[in-house]
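Protein chains in written order, with numbering that gives the first Met the number 0: chain A, 0 to 340; chain B, 0 to 322; chain C, 0 to 198.
In this text, a Cβ means the ideal position worked out from N, Cα and C, and glycines have one as well.
Note that the structure is predicted; figures quoted are calculated from it, not measured.
Notes follow the structure.
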Amino acid sequence: MNLSFVMITSSDGDHLWSRCKALAAVTTPGDEVLLCDTGQSENGAKILRRFEGEIGWGEEVDVQLAALPETRALPNWATLRSLAKHRATLVLPEGAQPTSDGVKALRAQLQQDTPDLLIINSARKLGATANSLPCSDFSRWPPTGVLEGTAARTAALQLLPEPARLIPLGDLSHDEYESAVMNADSIGFVPTTVLLMPSPPAQDPHPQIAALGTRLAALPQDNSPDILTSAMVQLDDMMTQLAPLHVETFLTASEAMAKTLPQQLWPSILAHDGPIGPLLDALRNGDISAARAQLALHFAIQDRARVTALTEEVGRLYADLNLALPDPDYLMDLFQRARRA
Amino acid sequence: MSLTLVLPVHNDAQNLRRVLQQAHRLGIFNRVVVSDDGSDEPVSRAAVCPPNAWLQGRFTILHSNTSKGAGHARNRALEHVETEHVLFFDSDDLLTPDLAALVRSLAGQHFDFCLFRHTDSRSIDLGGLGQMPFDEAHWRRAGVQVGALRQISQTQACALAETANYPWNKIYRTDFLKQNDIRCSETMVHNDIELHWMSFHHGRDILVSDRVGALHFVAPDEQRLTNRKGEERLAVFTPLDRIAVALGAEGTSERLLEAFLRFVSGLFDWIRNNIAPPLRERLDEATRDFLLTHVNEARFSKLSRTDPVLARHIVFQLERGRI
Amino acid sequence: MIHGIATSFDGQVKRALNVLRKKVTKSNADLNPKVNNSLAELRKKVIRGNIQSEIRFLPGVTLRADPALKIQGSYDSPEGRLLTLDITPQAQGDWLALHLSLDSGDYTPHGFVGFACRIAAPEPVIVHPCLRSGTKESFIDSFFNKHILATPEEASHLDALPIHNRSDLPLHAPWRELVLFLPTERFRWSLHDLRVFVV
C-alpha cells in the first residue's frame with residue numbers, strides 16, 4: 000500500500016540532509032512526499048532543492064511542495080493530511096525521520112488490515128547516531144495487529160500520547176491523541192519503531208503536571224483507569240526528558256499534584272510499572288529525600304542506557320572505519336603503483 | 000634570566016608602539032630588537048621608543064631597504080641578540096601579564112625552549128577563550144593542558160610539534176638556536192615552519208606551560224596570510240626539504256618525522272586551496288617530488304600500519320601529481 | 000581590521016577597569032573581604048611542599064583532611080596563581096577541604112555572599128563549595144547551588160547565596176568560612192584565582 004509522507008521543515012538545522020536521506024531510503028514507487036517548509040530558514044529551502052537535484056526522493060515518487068498560507072503558519076496536521084493523495088499519511092514533524100524497518104512493518108500491517116486508526120511506535124534520536132532510546136512506554140505495546148472497541152482504546156491509552164504516532168485511516172480528523180483514540184472503533188498497532196524523534200527541548204514541567212493533576216482530580220471513578228494510565232505514562236516520559244535545572248520544579252509540582260489525587264486512584268498509581276509511581280508515593284508521604292533518590296536512580300538508569308547506546312555506536316563507527324581503511328598490503332601496492340612514473 | 004624581545008614589523012608603527020608600551024609595563028625584557036622589513040616609512044626610534052627612554056642603549060632598530068619577509072627580519076634580529084633568551088613576537092599581537100609570571104618562573108631553569116599557550120581571537124569569536132580547537136586537541140593528546148611549568152618527553156613533544164607553527168609562542172634559549180643554526184626560512188610566506196620543526200628536532204630540554212602568554216589576532220578574512228596566491232607559495236618546498244632531510248637522518252625520531260609528514264600532507268592541501276588555480280599543476284608536481292624523495296617504501300610501510308589514513312592520503316597526493 | 004579588534008579590546012579593558020576602580024572606591028568593604036587580601040598574598044608567593052592532613056598556606060587559608068584519609072601528595076603555588084594540589088589518599092575517609100576564613104561581621108545590610116574562581120584539572124574534578132557559619136555550639140553549612148567543575152580547559156565559575164530569609168545562614172555568626180570540599184579520592188586540581196564578595 001502506498002504512503003504519503005508529510006515532512007515538516009522549519010529550519011536547516013536538525014540534520015535536515017540526513018532526514019531527507021532517511022526519507023528517500025524508505026519511499027517506494029507510487030509514494031508521495033509532501034514538503035512543508037515554513038520558510039523560516041533560507042538554507043532549509045536550498046538544502047531541499049539540492050537534495051532533490053543531487054539525490055532525489057526515489058523512483059516514481061510524487062514530490063509536492065505544500066502550499067502554505069501567506070503567514071507561513073503551519074496548518075494543523077489534519078489539514079496537512081487532507082493535502083495528501085494517499086489515505087495512509089505519515090507526518091514527520093520537525094527533526095523526525097522514518098526508519099526502514101519501521102516503514103516496512105507499517106506497510107505490512109496496511110497490507111493485512113486497514114483499521115480506523117493506526118498507531119506507530121517512535122523512539123528518541125541520540126544525536127546524529129543510528130542508535131536511539133526507546134520511549135518510556137516500550138514495554139506496554141501490544142503485538143502487531145488490530146484491536147477493536149474498548150480493548151483497542153485501553154491499549155492505546157497505555158501508550159505515550161504522541162500525535163505524530165497517529166495515522167488515521169478512517170474518517171477521523173483529530174490531531175489530539177486521546178480524541179482520536181476515543182473516536183476509533185478499531186486501532187492497529189505497529190510496535191516496531193517507525194519514527195525517530197528528537198528529544199523535546201527542556202521546558203518547565205510545572206504547567207503540564209498541574210494540568211494533569213487537575214484532570215485526574217476531576218475524573219469520574221468509572222472512567223479513570225485508562226486516563227490515569229495515560230497520565231502516568233506522560234509523567235514517566237517527563238521524568239525521562241527532565242533536565243537537571245527543572246528537578247526542583249518537577250518535585251514541587253508533583254508533590255502538589257500527589258496531595259490532590261483522589262484516594263481511589265492510589266492503588267493503580269502504586270501498581271503502575273513506571274518510575275513515577277514510587278516517586279509520587281514518596282511525595283505523598285512527605286518524604287522528599289526518597290523522591291530525590293528515586294529521581295537520581297532514574298537519571299542513573301537513563302544515563303547508563305545512553306552511554307550503552309553511544310558506546311555501541313562508537314564501536315560500530317570504529318568497526319566501519321577499520322573496514323573502510325585499506326590494509327597495509329593493499330596500501331603498499333597502491334603506493335608502489337603511484338610511485339611509478 | 001635575560002630576555003630579548005624581537006619584533007619584525009612591516010608598515011605597522013601604531014601596533015608596534017602599543018606592544019612596546021606593553022613590554023615596558025611587563026618589565027621582563029632586557030633588550031628589544033625591532034627588525035623593520037622594508038616599511039614604506041622606516042621605523043624611527045623617536046616614533047616608537049617610549050618617552051621615558053626605558054631601554055636607552057638597549058633598543059636596536061634594524062632596517063631592510065626592501066621587504067624580504069618576516070623570516071628574514073627575525074633571522075637578522077637574532078644575529079643581534081646577546082641575552083640568554085629570546086622571544087620572537089608579532090607587532091599586531093598582545094603580550095599578557097601571565098607571560099611575566101612565566102618568565103619569572105623560568106629564571107634559573109635550563110631549557111632549549113618553553114612553549115606556552117595563547118588566546119586566539121577566532122576562539123573568542125566562537126564564544127570560547129583559548130587556543131583554536133585543533134591546537135587544543137594536540138595539547139590534550141600530549142596530556143599537558145594543565146600545569147604552570149613542566150618538562151615534556153619526546154613523545155609529548157611529537158604531539159605538540161603538530162600545533163600551529165607559530166614563532167611567538169616559545170621562549171628560546173639563544174644559544175640553542177645559534178649553535179644548532181635554527182632559523183626562519185627566508186621566504187615571503189611559510190617562513191615559520193623551519194624554526195618550529197627544527198626546534199622540536201633539536202630540542203632535548205623542552206618545557207611547556209599552560210600560562211597564556213599572548214593574545215593572537217587573526218583578521219576575520221585572514222587577509223594578511225592568504226592574500227598571497229602566487230608563486231611565492233611554491234618556495235615552501237625548499238625549507239620543507241631541509242626539514243625532511245634532517246628529520247629523516249639516521250638516529251632521529253621516526254615519530255617526529257611521521258608527525259611532520261602528517262603536517263606537510265595537510266599543508267599541501269591547504270596551499271592547493273589557496274594558490275592561484277593555474278599554479279596547481281606545478282604544486283602537485285612539486286608535492287609528488289617531495290613525497291617521492293622523502294617517503295621511501297620502508298617509511299611508507301611503517302605509515303601504513305601506524306597511520307593508514309595518512310598513508311592513503313599520501314598515495315592520493317602522489318597520484319594527483321602524476322596526472 | 001586587526002587594529003580595529005585590538006583597539007576595541009584595549010578600550011573594553013580600560014572601561015572595565017575604570018568601572019571597577021569606582022566601585023572599589025565606593026564600597027571597599029562590600030567588595031573586598033579580608034580573605035581577598037590573603038589570596039592576593041598567595042598569588043604573589045611561590046611556595047611548594049608536601050601534603051599533610053592540615054596545612055596552613057597562609058593565615059586564613061588552610062587545607063584540612065580527615066586523618067583517616069592519610070593523604071599524601073604535593074602542593075605548589077606558582078606565581079600569579081593560588082594553588083595546585085596533587086593529592087592521593089592512602090585510606091578511606093570522610094572529608095577533605097580548603098578552608099578560607101571570612102570576616103565574621105553582620106550580614107544584615109548585605110544581600111549576597113558569593114565567589115568567583117578560575118580552575119582547571121587534568122581529569123574532571125568536582126568541588127562542593129559551602130558557607131560555614133559558626134554557632135554557639137558548633138557550625139551550620141549553607142551549600143552553594145552549583146558544584147565547581149574543573150576540566151582540562153581552564154574555566155570560570157561564579158555563584159552566590161542570597162543571605163536573607165533562610166534558616167541555614169545566620170545573619171550574625173562568631174566566625175565564617177568559605178569551605179571548598181574536595182574529592183576524597185586521588186585528584187589533581189589547580190585553583191588559578193578566587194575572589195570572594197559580600198554585597
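Span of the alpha helix (DSSP H) holding residue i?
i	result
residue 114/A	Element bounds for residue 114/A: n/a, residue is neither H nor E.
residue 102/B	96–105
residue 308/B	307–321
residue 284/B	279–293
residue 246/A	246–259
residue 80/A	76–82
residue 331/A	327–338
residue 23/B	12–25
Using only alpha-carbon positions, find the residue among the options that is nearest to residue i.
i	options	result
residue 354/B	216/B, 264/B, 260/B	An answer regarding residue 354/B cannot be provided, because it is not within the stretch 0 to 322 covered by chain B.
residue 198/B	144/B, 178/B, 296/B, 311/B	178/B
residue 96/B	60/B, 272/B, 24/B	24/B
residue 316/A	130/A, 249/A, 0/A, 56/A	130/A
residue 170/B	101/B, 120/B, 147/B, 130/B	101/B
residue 201/C	195/C, 78/C, 128/C	Only positions 0 to 198 of chain C appear in this structure, which leaves residue 201/C out of reach.
residue 50/C	34/C, 70/C, 41/C, 189/C	70/C
residue 242/A	280/A, 207/A, 203/A	203/A
residue 61/C	182/C, 189/C, 178/C	178/C
residue 344/A	172/B, 303/B, 117/B, 157/B	The requested residue 344/A is not part of the displayed model; chain A covers only 0 to 340.
residue 190/B	289/B, 163/B, 238/B	238/B
residue 116/B	273/B, 159/B, 271/B	159/B
residue 210/B	44/C, 164/C, 40/C, 78/C	78/C
residue 198/A	299/A, 238/A, 288/A	238/A
residue 159/A	106/A, 169/A, 175/A, 168/A	175/A
residue 67/B	212/B, 183/B, 46/B, 20/B	183/B
residue 252/A	82/A, 98/A, 211/A	211/A
residue 114/C	106/C, 48/C, 122/C, 99/C	99/C
residue 215/A	49/A, 247/A, 231/A	231/A
Along the beta strand (DSSP E) that carries residue i, what are the first and last residues, could you check?
i	result
residue 180/A	Counting along the chain, residue 180/A falls outside any beta strand (DSSP E), though it belongs to the alpha helix (DSSP H) covering 176–181.
residue 144/A	144–147
residue 169/B	169–172
residue 265/A	Not the beta strand (DSSP E): residue 265/A falls in the alpha helix (DSSP H), residues 265–270.
residue 63/A	61–64
Let me check one thing: in DSSP terms, what residues is residue i bridge-paired to?
i	result
residue 64/B	Residue 64/B is not bridged to any residue.
residue 25/A	Residue 25/A is not bridged to any residue.
residue 49/C	73/C
residue 88/C	70/C
residue 213/B	94/B, 117/B
residue 176/C	100/C, 131/C
residue 120/A	192/A
residue 45/B	The partner list for residue 45/B (beta bridge, DSSP) is empty, contrary to what the question assumes.
What residues from chain B crowd round residue i, counting only those whose CB sits closer than 8 angstroms?
i	result
residue 39/C	Result: empty, since nearest Cβ-Cβ is about 14 angstroms, beyond 8 angstroms.
residue 333/A	311, 314
residue 182/C	Within chain B, no residue comes near residue 182/C; the closest Cβ sits about 16 angstroms away, beyond 8 angstroms.
residue 77/C	100, 104, 147, 148
residue 324/A	307, 308, 311
residue 190/A	What residue 190/A touches in chain B: nothing, since even the nearest Cβ is about 42 angstroms away.
Could you tell me which chain B residues have their CB closer than 9 angstroms to the CB of residue i, listed as they occur along the chain?
i	result
residue 304/A	Residues of chain B passing the Cβ test: none, with the nearest at roughly 28 angstroms.
residue 189/C	145, 146, 147, 209
If the cut is a Cβ gap below 8 angstroms, which residues of chain A does residue i touch?
i	result
residue 318/B	337
Check the Cβ of residue i against every Cβ in chain A and list those closer than 7 angstroms, keeping chain order.
i	result
residue 291/B	338
Could you name the residues of chain C that residue i contacts, counting a contact when the two beta carbons are closer than 8 angstroms?
i	result
residue 139/B	151
So which residues of chain C does residue i contact, with C-beta pairs closer than 9 angstroms?
i	result
residue 129/B	152, 153
Counting only Cβ pairs nearer than 7 angstroms, list the residues of chain B close to residue i.
i	result
residue 109/A	Residues of chain B passing the Cβ test: none, with the nearest at roughly 46 angstroms.
### Message
So if I threshold CB-CB distances at 9 angstroms, which residues from the region 94–106 of chain B count as touching chain C?
### Response
96, 97, 99, 100, 101, 103, 104
### Query
Taking Cβ-Cβ distances below 9 angstroms as the criterion, which residues of the region 294–314 of chain B are in contact with chain A?
294, 296, 299, 300, 302, 303, 304, 307, 308, 310, 311, 313, 314
### Query
the region 80–98 of chain C: which residues have C-beta closer than 8 angstroms to a C-beta of chain B, in chain order?
80, 83
### Task
Below 9 angstroms between beta carbons is the criterion; list the residues of the region 241–262 of chain B that meet it against any residue of chain A, in chain order.
none
### Message
Using a Cβ-Cβ cutoff of 8 angstroms, what residues of the region 307–322 of chain A are near chain B? List them in chain order.
### Response
none
#### Entry: Proximal residues, the region 103–125 of chain C versus chain B, C-beta separation under 7 angstroms
119, 120, 121
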